[in-house]
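Just below is one structure, and these are the notes that go with it.
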Ligand code: BEZ
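Numbering (this note's numbering), first residue to last: -19 to 236.
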């Protein structure tokens, strides 16, 4: 969901097809009911969105990536191109759902304000994304590699991994009651290894380097990470930590 990142639906499916599959528990937390109108914030290629449709809901998906919107439409989803910080809906959804997207949204409060506007009073906001400590080894390795090439990671890191306290505070300030919010460590096997993962997700970091240094930097990152995230048989596991929450819009509306 960042402008620096380009998404290709086929490559995403190969490198990160596990993302919607592992998002099923948050779908269970949403507990979609037939007839509900649901917004899927950051619907990607629509794999999980489709499951909400199949639960009998009327679903709109939004995504920042034209390629992902096209892939979701191919699945028959009402998918629209929209930025998470500029949701253009007004009091029309019973629930907003979001899986594996909000860590890309730097202005978290703008996204939450858009969710508040989009929900009917009493509506639910249920989601999961990278929380505090997510991909800690990867972020540390990227910091070391970029630093070695003269780039301060803080200037280019697009990922937002809040603590439960931080995100709870933002939700409550916007008018939500938080039913649950927790960090869930989830070591995740990577089907195409760390190389595939970095190719799909770490573009904004390497884009900060001159083109001639990027391949070398990718190789250096893999060398650093191999020690901790790759087993003796060459299987890579990513150190994911999810922040999963369920909140309900109470009477008070956020200031616009
Ligand atoms: C995540 O799902 O936690 C994630 C995905 C891509 C980049 C960073 C984090």
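All C-beta atoms, glycine included, are put in the ideal place defined by N, C-alpha and C.
These numbers were taken from a predicted model, which means no experiment stands behind them.
Spatial neighbours of residue i within its chain, please: CB distance less than 8 Å, with the 5 preceding and 5 following residues excluded, ordered by chain position.
i, result
"residue 32", "7, 10, 12, 18, 20, 39 and 77"
"residue -16", "For residue -16, the predicted structure reports a pLDDT of 46, less than 50, and the residue's modelled location is therefore unreliable. A value from the coordinates is still provided. These residues qualify, in order along the chain: 138, 183, 184 and 187."
"residue 30", "55, 56 and 57"
"residue 237", "This structure cannot settle anything about residue 237, because the visible part of the chain is limited to -19 through 236."
"residue 127", "133"
With respect to the beta strand (DSSP E) encompassing residue i, which residues constitute its N-terminal and C-terminal limits?
i, result
"residue 147", "Per DSSP, residue 147 belongs to no beta strand (DSSP E); it is in the alpha helix (DSSP H), 144 to 153."
"residue 4", "Note, residue 4: premise wrong, no beta strand (DSSP E); alpha helix (DSSP H) at 4 to 10."
"residue 162", "156 to 169"
"residue 109", "99 to 110"
In chain order, what residues of the same chain lie with their CB nearer than 6 Å to the CB of residue i, ignoring the 5 residues before and after it?
i, result
"residue -4", "180"
"residue 158", "148, 151 and 227"
"residue -1", "80"
"residue 49", "43, 59 and 61"
"residue 125", "197, 200 and 201"
"residue 71", "100"
Buried or exposed for residue i, going by 16 or more other Cβ atoms inside 10 Å?
i, result
"residue 1", "exposed"
"residue 61", "exposed"
"residue 43", "buried"
"residue 236", "Low local confidence applies: a pLDDT of 46 at residue 236 is under 50, so the model's placement there is unreliable, with the coordinate-based value given in what follows. Flag for residue 236 reads exposed."
"residue 3", "buried"
"residue 224", "buried"
"residue 162", "exposed"
"residue 101", "exposed"
"residue 34", "exposed"
"residue 22", "buried"
Short of 7 Å in beta carbon distance, which residues of its chain neighbour residue i, apart from the five on each side in sequence? Order them along the chain.
i, result
"residue -8", "25 and 180"
"residue 131", "188 and 189"
Along the chain, where does the alpha helix (DSSP H) that runs through residue i open and close?
i, result
"residue 208", "191 to 209"
Assess contact between the stretch 90 to 97 and the stretch 147 to 154, defined as three or more Cβ pairs (one per stretch) separated by less than 8 Å. Is contact present? In short, these stretches touch, since the Cβ pair count reaches three.
At least 3 beta-carbon pairs within less than 8 Å: the stretch 206 to 220 vs the stretch 167 to 175: Counting Cβ pairs under 8 Å, three or more are found: they touch.
Would you be able to state if there are at least three C-beta pairs under 8 Å between the stretch 48 to 55 and the stretch 101 to 121? Contact between the stretch 101 to 121 and the stretch 48 to 55 is not established, with fewer than three Cβ pairs separated by less than 8 Å.
Inter-stretch contact (C-beta, 8 Å, three-pair minimum) for the stretch 117 to 132 and the stretch 196 to 211: These segments touch.
Check your reading: residues with Cβ closer than 6 Å to the ligand BEZ heavy atoms: Going along the chain, the residues that qualify are 80, 83, 110, 114, 115, 139, 181 and 220.
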